[in-house]
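Q: Have a look at this one before I ask anything.
2 protein chains.
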Amino acid sequence: MAVSEKRINAVRKFNRFYTKHVGALNEGLLNSRFSLTEMRVLYELYSGDNLTAGDLVKSLSLDPAYLSRILKKFKSEGLLKTAKSARDGRQRVLIFTEEGRRDFTPFIKASQDEVAAILTLLSDAEQIRLIEAMNLISSTLAPAEEITDPVIIRSHRPGDIGWVIHRHGALYAQEYGFDSSFEALVAKVGEDFLTNYDPEFEHCWIAERNDVILGSVSLVKKDLSTAQLRLLYVEPTARGLGVGRKLVDECIRFARRKNYVKVTLWTNSTLYAAIHLYEEAGFKLIDEEPHHSFGQDLVGQTWDLIL
Amino acid sequence: MAVSEKRINAVRKFNRFYTKHVGALNEGLLNSRFSLTEMRVLYELYSGDNLTAGDLVKSLSLDPAYLSRILKKFKSEGLLKTAKSARDGRQRVLIFTEEGRRDFTPFIKASQDEVAAILTLLSDAEQIRLIEAMNLISSTLAPAEEITDPVIIRSHRPGDIGWVIHRHGALYAQEYGFDSSFEALVAKVGEDFLTNYDPEFEHCWIAERNDVILGSVSLVKKDLSTAQLRLLYVEPTARGLGVGRKLVDECIRFARRKNYVKVTLWTNSTLYAAIHLYEEAGFKLIDEEPHHSFGQDLVGQTWDLIL
DNA sequence: CGAAATAATGGATTTTGTCAAATAAATTGG
DNA sequence: CCAATTTATTTGACAAAATCCATTATTTCG
């Protein structure tokens, strides 16, 4: 399948742009006593554990001979020490000395400061979008085996319900053409949740990675035995990470713990991704009914899960 | 304002990731007769026009002497020719010879093929998302002088009111320790606006730059002759751009146009930045009254502007 | 006009990276 | 078990890439 030449060149343009950008960042560290390659080696050793020369050769694509000399220098300076590997007598495990770790920490700090200086120029929203974009690129281009940062599920904090309203309003308008009355409905639900929230029997979960929110869901008390799942949302950029499944699972676990007998939810037939999640979790379609809302002809659905 | 360490490290992680990624791409071109730096010089010349050595030194951050040697080699190989600049006799304009252009084209092709090979592994939607993410990163990180993009004031769209709730909830919790009941109040106001919005006499303005929201304000009808300014918000990182002033001005202009007699607003005494804006716009403090709300002891203020 | 700044280059040197071969320990296949 | 092969690291010799300092030719500025 042919790929559009425009897209190819857009990617190449970004490659050149980012090469320059990283180059500029590295210049800041350039007047130190370590070269760029030495820095990369030290950083890899700093963050990894029990690494051998061979590991570094592979992960940094370095010439073994070159690396050997770099390590020799570090050893002679007292930054590193080596220990014969227990598993393989040919290997040396590389270990930072106390002094080495102390000497190198300032460079980590400097590198962090440089990035921080760039981030402070951006608004909170810009930072979030930047990191989301970076995560998207990494996970798209990374070989599957590479691990990405973990998705964390936490309880809601101030601002989170607003975020839920914001994202529902924006995304459903964009993808399904819903009008403002949908955002108004979500705002009503959100306001109701914030005002009447009973922590004993209700909860809201936020999924995030790197302090960037990826999705959310809430569970409220409908009556003594029934909980209602509401406002499930997953960022388009986070699809495929299992965020939706994790959120639904949290809901069900919480409902069980609180001795609810049933979890119910209302959704619309066009929201395939969400409905798929509900089916997988064991929800059954109870009722369907057409309605005209949010400027669209829709089919509302009620799904129940008996616990 | 401090930037989250998680975010800093997420960015640094991406930098390392992309350094490796580009490094891997470059390896493909490595067994050619050009070095990486030579390649970058040739790309720059290939895509730019009428460049001088100085231009390249700046855009690629190269040592002038080093570049001079690279160019000398290219000239001796017949890839490039130079012409004295008309504007400045010290400068030489660098021009690809026919032969040079012909010789270099295959490398462009090879680089395109390499990128194409990666893109073909992705679905159409993934390609689009990848490129969008790259564009976002480029425009976000482009050198400061290029970020003089204008701040635009526009009317609200779906999702915007949610954003207003989100940012109020998050920032006022962080800076003033307000609890969730504040977010609930904002959500109530927002929901009310969305539900009862009368475009003829009410409005909400969003300030944004590069499609990123920086602030907002709304004006609603209180009675026939009085408009109420509500929910003024400016991103902390956008302070000093005149966003707040622009938003308040819009409000007042709109109120005048709609023949309101008075604009009123309610705020709290601790919100100095906002109050300063109101004073500058001509608002007068009418009434003050202590209250306990949002988990804090506060002093509520009513300000009026007679039009 | 003369002094200072700028664009480009040459000389000398250092730093960085590469290739081939050597050493030493493990693994494999009979 | 042992010879052959493979793997992890090191050394030697060298080449390529990059830098520092000084110089020349122009231009710009006061």
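Chains as they are written, first to last, in the working numbering: chain A, 1 to 307; chain B, 1001 to 1307.
All residues carry an ideal CB built from backbone N, CA and C; glycine is no exception.
Computed from a predicted structure; not experimentally measured.
1. When you check each C-beta in the region 1255–1272 of chain B against every C-beta of chain A, which residues fall closer than 8 angstroms?
2. Does the separation of the CB atoms of residue 1344/B and residue 1303/B fall below 8 angstroms?
3. Using a Cβ-Cβ cutoff of 9 angstroms, what residues of the region 1161–1174 of chain B are near chain A? List them in chain order.
4. Can you name, in chain order, every residue of its own chain whose Cβ lies under 8 angstroms from the Cβ of residue 181/A, other than the five neighbours on each side?
5. Would you call the CB atoms of residue 329/A and residue 300/A closer than 8 angstroms?
6. Is it buried or exposed, residue 1224/B, if we count other Cβ atoms within 10 angstroms and call 16 or more buried?
7. So if I threshold CB-CB distances at 9 angstroms, which residues from the region 1030–1044 of chain B count as touching chain A?
8. Quick one: grab the DSSP three-state call for residue 52/A.
9. Report the partner residues of residue 306/A according to the DSSP bridge assignment.
10. Can you tell which of 140/A, 138/A, 129/A, 141/A has the C-alpha that lies nearest to the C-alpha of residue 1139/B?
11. For residue 1163/B, which residues of its own chain have a beta-carbon under 7 angstroms away from its beta-carbon, when the five flanking residues on both sides are left out?
12. Does the region 1174–1193 of chain B touch the region 1218–1235 of chain B, meaning 3 or more C-beta pairs lie closer than 8 angstroms?
13. Using the Cα positions of residue 1240/B and residue 1021/B, report the straight-line distance between them to the nearest angstrom.
14. Would you decide whether residue 73/A is buried or exposed? Buried here means 16 or more other CB atoms lie within 10 Å of its CB.
15. Between residue 1225/B and chain A, is any beta-carbon pair separated by less than 8 angstroms?
16. If you draw a straight line from the alpha carbon of residue 1042/B to that of residue 274/A, how long is it in whole angstroms?
17. Please state the DSSP three-state secondary structure of residue 1097/B.
18. Please list, in chain order, the chain A residues whose beta carbon lies closer than 7 angstroms to that of residue 1021/B.
19. Measuring alpha carbon to alpha carbon, tell me which of 1137/B, 1124/B, 1236/B, 1107/B ends up nearest residue 1038/B.
20. Specify, as a first and last residue, the run of the beta strand (DSSP E) that residue 1228/B falls within.
21. Determine the direct distance from the alpha carbon of residue 7/A to that of residue 1080/B, and round the result to whole angstroms.
22. Buried or exposed for residue 1155/B, going by 16 or more other Cβ atoms inside 10 Å?
23. Establish whether the CB of residue 84/A and some CB of chain B are separated by less than 8 angstroms.
24. Do you know offhand how far residue 298/A's Cα is from residue 172/A's?
25. Can you grab the Cα-Cα spacing for the pair residue 1184/B / residue 1110/B, in whole Å?
26. For chain B, find out if any of its Cβ atoms is closer than 8 angstroms to the Cβ of residue 129/A; answer yes or no.
27. If we call anything under 8 angstroms between Cβ atoms a contact, is residue 215/A one with residue 1169/B?
28. I'd like to know whether the C-beta of residue 308/A is nearer than 8 angstroms to at least one C-beta of chain B.
29. Contact check, residue 114/A vs residue 1061/B under 8 angstroms by CB: the rounded distance?
30. For residue 1270/B versus residue 1176/B, is the C-beta spacing smaller than 8 angstroms?
31. Is the beta carbon of residue 1246/B sitting closer than 8 angstroms to the one on residue 1207/B?
32. Leaving out five residues on either side along the sequence, give the residues of the same chain with a beta carbon under 6 angstroms from the beta carbon of residue 204/A.
33. Looking at the secondary structure, which residues open and close the alpha helix (DSSP H) in which residue 1287/B lies?
34. What does DSSP give as the partner residues of residue 1205/B in its beta bridges?
35. Can you tell me the Cα-Cα spacing of residue 1256/B and residue 1167/B, whole angstroms?
36. Which one of 117/A, 277/A, 149/A, 18/A has the shortest CA to CA distance from residue 210/A?
A: By the coordinates alone:
1. Going along the region 1255–1272 of chain B in chain order, one finds no residue with a Cβ nearer than 8 angstroms to chain A.
2. The structure shown does not extend to residue 1344/B, since chain B spans only 1001 to 1307, so no value can be given for it.
3. 1161, 1162, 1163, 1164, 1165, 1166, 1167, 1168, 1169, 1170, 1171, 1172, 1173, 1174
4. One-based indexing of the first sequence puts residue 181/A at position 181. Excluding residues within five positions, the ones whose Cβ falls inside 8 angstroms are 293, 294, 295.
5. Nothing can be reported for residue 329/A: it is not among the residues displayed for chain A, which extend from 1 to 307.
6. Stepping through the second sequence from its first residue, residue 1224/B is reached at position 224. Residue 1224/B is exposed by the Cβ-count criterion.
7. 1040, 1043, 1044
8. On the first sequence, position 52 is the one that residue 52/A refers to. DSSP places residue 52/A in strand when its eight states are reduced to three.
9. Counting from 1 along the first sequence, the entry for residue 306/A is found at position 306. Answer is 262/A, bridged to residue 306/A.
10. Walking along the second sequence from the start, residue 1139/B turns up at place 139. With distances taken between Cα atoms, residue 1139/B lies closest to 129/A.
11. In the second sequence, counting from the first residue as 1, residue 1163/B sits at position 163. In chain order, 1213 place their CB closer than 7 angstroms to the CB of residue 1163/B, counting only its own chain and leaving out the 5 sequence neighbours on each side.
12. With the cut-off at 8 angstroms, the region 1218–1235 of chain B and the region 1174–1193 of chain B touch.
13. Sequence index remark: in the second sequence, residue 1240/B carries index 240 (1-based). Sequence index remark: in the second sequence, residue 1021/B carries index 21 (1-based). Spanning the two alpha carbons is a distance of roughly 38 angstroms.
14. Here residue 73/A corresponds to residue number 73 of the first sequence, with the count starting at 1. With fewer than 16 other Cβ atoms from the protein chains shown falling within 10 Å of its own Cβ, residue 73/A counts as exposed.
15. The sequence position of residue 1225/B within the second sequence is 225, counting from 1. Chain A, which has no Cβ nearer than 8 angstroms to the Cβ of residue 1225/B, makes this no.
16. For the purposes of this step, residue 1042/B is identified with residue 42 of the second sequence, where counting begins at 1. For the purposes of this step, residue 274/A is identified with residue 274 of the first sequence, where counting begins at 1. Whole-angstrom Cα-Cα distance: 50 angstroms.
17. Locating residue 1097/B in the second sequence gives position 97, where the first residue counts as 1. Three-state DSSP puts residue 1097/B in coil, outside helix and strand.
18. As a first step, residue 1021/B is located in the second sequence; it is residue number 21 there, counting from the start. Simply 141.
19. Taking the second sequence and counting its residues from 1, one reaches residue 1038/B at position 38. Between residue 1038/B and the set 1137/B, 1124/B, 1236/B, 1107/B, the nearest pair of CA atoms involves 1107/B.
20. Position 228 of the second sequence, counted from the first residue, corresponds to residue 1228/B. Here the beta strand (DSSP E) through residue 1228/B covers 1226–1234.
21. Walking along the second sequence from the start, residue 1080/B turns up at place 80. Walking along the first sequence from the start, residue 7/A turns up at place 7. Whole-angstrom Cα-Cα distance: 29 angstroms.
22. The residue labelled residue 1155/B in the question sits at position 155 within the second sequence. Looking at its Cβ environment, which holds fewer than 16 other Cβ atoms inside 10 Å, residue 1155/B is exposed.
23. Residue 84/A sits at position 84 when you count from the first residue of the first sequence. No, its Cβ sits nowhere closer than 8 angstroms to a Cβ of chain B.
24. Reading the first sequence from its first residue, position 298 is the one you call residue 298/A. Reading the first sequence from its first residue, position 172 is the one you call residue 172/A. Approximately 13 angstroms, taken between the alpha carbons.
25. Here residue 1184/B refers to the residue found at position 184 of the second sequence. Here residue 1110/B refers to the residue found at position 110 of the second sequence. Looking at the backbone, the Cα of residue 1184/B and that of residue 1110/B are separated by about 57 angstroms.
26. Here residue 129/A refers to the residue found at position 129 of the first sequence. For residue 129/A, the nearest beta carbon of chain B is closer than 8 angstroms to its own beta carbon.
27. On the first sequence, residue 215/A is found 215 positions in, with the first residue counted as 1. On the second sequence, residue 1169/B is found 169 positions in, with the first residue counted as 1. It is not a contact, given that the beta carbons lie outside the stated cut-off.
28. Residue 308/A lies beyond the range of chain A shown here (1 to 307); nothing can be said about it.
29. Residue mapping note: residue 114/A aligns to position 114 of the first sequence, counting from 1. Residue mapping note: residue 1061/B aligns to position 61 of the second sequence, counting from 1. About 16 angstroms; that fails the 8 angstroms criterion.
30. For the purposes of this step, residue 1270/B is taken as the residue at position 270 of the second sequence. For the purposes of this step, residue 1176/B is taken as the residue at position 176 of the second sequence. Yes, the pair counts as a contact, with Cβ atoms nearer than the cut-off.
31. Taking the first residue of the second sequence as 1, we reach residue 1246/B at position 246. Taking the first residue of the second sequence as 1, we reach residue 1207/B at position 207. Yes. Within cutoff.
32. Counted from its first residue, the first sequence places residue 204/A at position 204. Here the set comprises 156, 218.
33. For this step, residue 1287/B is matched to residue 287 along the second sequence. Residue 1287/B: not part of any alpha helix (DSSP H); member of the beta strand (DSSP E) spanning 1284–1293, first to last residue.
34. On the second sequence, position 205 is the one that residue 1205/B refers to. 1155/B, 1217/B, per the DSSP bridge assignment.
35. By 1-based counting over the second sequence, the position of residue 1256/B is 256. By 1-based counting over the second sequence, the position of residue 1167/B is 167. Using only the alpha carbons, I get a separation of about 29 angstroms.
36. Here residue 210/A refers to the residue found at position 210 when the first sequence is read from its first residue. Of the candidates 117/A, 277/A, 149/A, 18/A, the one whose C-alpha sits nearest the C-alpha of residue 210/A is 149/A.
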